[in-house]
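Working notes for the structure below.
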DNA sequence: CTGAAAGCGCTTACAG
DNA sequence: CTGAAAGCGCTTACAG
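Have a look at this one:
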């Protein structure tokens, strides 16, 4: 592979001039610039990012950090981030902090970030004080998607509003006996979004004077399987809810499956609603509150690029709330 | 942040000695090594990967390239790759080659790889001759997951065997009128796995003397939505299959939903089987042929590390076929 | 066992 | 507008 020296020699100029010409800096004559471009193209020259980084201090790489990757939300948002960054000549270094045990995660370490990335995007990741201190010490800009990180730029949906809309939808259909799936177990401090959703659920129930049954608030590890298992127990009790609001579509899908397994019809015997608009929700007829995850990924990437001094997208500020939308499908109906 | 020079000064040795001591090379006295370690720790020293790369030619980064990311298979395999690489001090630079249009993808370019990664892992990505030539020119080892790439190391399942098992399962239940969902449209050259599955389906049908109806071989863009839409048309025809074999669980889920939407019961009126064992398949009661995607990601990462001279995992060779397993659930039964 | 020095391939003031 | 040179922070022969 050819280096900047090869190009300089062939073009009959200094390496400094090649560097300036190729990066589009001014103070280069049009004629020289053109000659350099020609030679660079002929030699298939691409500047070594490694050398560029050492000299400039920039890597053109952004660290994307997630507590896990294998759920719909994360894959979708990572895809959007990657595409947006690549359009602006940047790349994503991916970190999956999932640990063997569900009740903890791996910590962010200096060797993941130091001189490796220009900035960080977190995905629903509450950061510890030490991690935040690390990011600050390394001077890295940070944008948080979902769960906020201190006062850093943040892109998210209004979790409370989303769950309010879901619950109000059930109430407006006439439901009074409503269960909730997706409470945060106390051992999972690194997953916080659900708390705001639960609070909103309670608020709506209370505002309508509806009773909140403690045993109808189900915890979950956020998976369809565990939501289904918990729901089956719930549905076997003598007192049964007529509707379930789940904090995510994946859990809602588990709830629907559990209802069917218990011989109940959805929505005739049990209404179910989730939050997300998961890729499978449409085909499964799940009512939900849709969030635009792709937009969140794109916006977060654009904010970070702007913090790096690269103009990208429209400046919508540093704290963006992406709107959600109630989508009524076949899984919700008035109680029998 | 401190540099190797800081450590050398504090420890009273040369930078060369610090470099050797910290990397565990021999020809360093135990006493010196210990002193260097102490100082390095006290100064929070982490070698600049950017400088290390320039000097050594190694980046400790692996490029992971996928035709898209937002499907279950890809997210799962990327997660496994990332974890395996990180255990060995390597990181993943992620490329999502999805384009606006489904019938093409972005090409792999020199600026994504050159001096940026030490090797490449492809995920179900048929490479063009130019792309392969590029990877060769850059001297990068490559491991392919799924779709093979020339004669490079490869980790995959036996696609033919998987679909044979799925189809044989339906035949053994007594089905004779079987449809297939997931044929590859001719415009999607960058997605090839399904072709082997379709061939295997045909082979089994033929070996049992069962008729193959041309209109029962459905193409698909590999999503649940399109599989559902196509299946609904299929099920409205006067002549109907009693079973459907789908090339993936996501499509099979679409088929089940379509059957229900048409008022048919699964499995009484229509049996459905897929391939994958998707995260939602258990809860939805979908019969399937399970593949271990996490193992595929781990094995591919280990092979690549070994090609880079890093001992990782057990050496299982360079061409690994990960076994699959028929999982019978509630979506398949004898025809009515 | 240890150090001085060259080299990796760029960028960036500084002169001119 | 252009070039010579220092510098980014490591690794790696080469001496000793």
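Chains as they are written, first to last, in the UniProt record's numbering: chain A, 1 to 336; chain B, 1 to 336.
The C-beta atom is built at its ideal place from N, Cα and C for all residues, glycine as well.
All figures in this text were calculated on a predicted structure; none of them were measured in a lab.
Endpoints, the alpha helix (DSSP H) within which residue i is located
i                      : result
residue 122 of chain B : That residue, residue 122 of chain B, is in no alpha helix (DSSP H); its beta strand (DSSP E) goes 119-123.
residue 10 of chain A  : 4-11
residue 220 of chain A : Run containing residue 220 of chain A: none; DSSP gives neither H nor E here.
residue 261 of chain B : 249-261
residue 20 of chain B  : 15-22
residue 112 of chain A : 110-113
Residue i: CB within 7 Å of a non-hydrogen atom of the ligand SAM
i                      : result
residue 170 of chain A : The ligand SAM is absent from the structure shown, which contains no ligands of any kind.
Close Cβ partners of residue i (< 6 Å) along its chain, the five nearest in sequence each way excluded
i                      : result
residue 143 of chain B : 121, 153, 300, 303 and 304
residue 252 of chain A : 246, 272, 274 and 286
residue 171 of chain A : 208
residue 140 of chain A : 119 and 120
residue 94 of chain B  : 64
residue 127 of chain B : 149
residue 227 of chain B : 181, 220, 251, 254 and 255
residue 267 of chain B : 331, 332 and 333
Span separating the alpha-carbon of residue i from that of residue j
i                      : j                      : result
residue 62 of chain B  : residue 96 of chain B  : 14 Å
residue 89 of chain B  : residue 108 of chain A : 14 Å
residue 175 of chain A : residue 217 of chain A : 16 Å
residue 116 of chain B : residue 222 of chain A : 36 Å
residue 2 of chain A   : residue 56 of chain A  : 20 Å
residue 309 of chain B : residue 30 of chain A  : 47 Å
residue 177 of chain B : residue 242 of chain B : 6 Å
residue 48 of chain A  : residue 112 of chain B : 11 Å
residue 130 of chain A : residue 150 of chain A : 12 Å
residue 165 of chain A : residue 291 of chain A : 12 Å
residue 296 of chain A : residue 43 of chain A  : 40 Å
residue 327 of chain B : residue 85 of chain B  : 30 Å
residue 257 of chain A : residue 180 of chain B : 25 Å
residue 335 of chain B : residue 214 of chain B : 21 Å
residue 50 of chain A  : residue 54 of chain B  : 6 Å
residue 145 of chain B : residue 157 of chain B : 9 Å
residue 210 of chain A : residue 98 of chain A  : 38 Å
residue 230 of chain B : residue 212 of chain B : 18 Å
residue 4 of chain A   : residue 52 of chain A  : 11 Å
residue 105 of chain A : residue 34 of chain A  : 52 Å
residue 225 of chain B : residue 278 of chain A : 12 Å
residue 70 of chain B  : residue 318 of chain B : 28 Å
residue 25 of chain A  : residue 185 of chain A : 55 Å
residue 32 of chain A  : residue 87 of chain A  : 28 Å
residue 101 of chain A : residue 123 of chain B : 27 Å
First through last residue of the beta strand (DSSP E) which encompasses residue i
i                      : result
residue 230 of chain B : Per DSSP, residue 230 of chain B belongs to no beta strand (DSSP E); it is in the alpha helix (DSSP H), 224-236.
residue 353 of chain B : Outside the displayed span of chain B (1 to 336) sits residue 353 of chain B, for which this structure offers no information.
residue 244 of chain A : 243-246
residue 326 of chain B : 324-327
Beta carbon of residue i nearer than 8 Å to that of residue j
i                      : j                      : result
residue 261 of chain B : residue 232 of chain B : yes
residue 264 of chain B : residue 331 of chain B : no
residue 288 of chain B : residue 249 of chain B : yes
residue 283 of chain A : residue 274 of chain B : no
residue 114 of chain B : residue 276 of chain B : no
residue 60 of chain B  : residue 91 of chain B  : yes
residue 160 of chain B : residue 199 of chain B : yes
residue 66 of chain A  : residue 125 of chain A : yes
residue 280 of chain B : residue 259 of chain B : no
residue 80 of chain B  : residue 298 of chain B : yes
residue 201 of chain A : residue 147 of chain A : no
residue 155 of chain A : residue 320 of chain A : yes
residue 197 of chain B : residue 162 of chain B : yes
Contacting residues, own chain, Cβ-Cβ under 8 Å from residue i (five flanking each side not counted)
i                      : result
residue 8 of chain A   : 14, 15, 17 and 18
residue 39 of chain A  : 7, 10, 11 and 45
residue 37 of chain B  : 21 and 22
residue 173 of chain A : 243, 271, 332, 333, 334 and 335
residue 136 of chain A : none
Close beta carbons around residue i, own chain, < 7 Å, minus the five adjacent residues each side
i                      : result
residue 306 of chain B : 312 and 315
residue 27 of chain A  : 20
- Let me know the beta strand (DSSP E) ranges lying completely inside the stretch 159-218 of chain A, each 3 residues or longer, listed in chain order. 178-183
- Message: In chain order, what are the residue ranges of uninterrupted alpha helix (DSSP H) at least 4 long that sit wholly in the stretch 40-101 of chain B?
- Response: 49-56 and 72-87
- Whole beta strand (DSSP E) runs in the stretch 282-319 of chain B with 3 or more residues, listed along the chain? 287-291
- Item | Completely contained alpha helix (DSSP H) runs for the stretch 121-158 of chain A, where each covers 4 or more residues | 129-137
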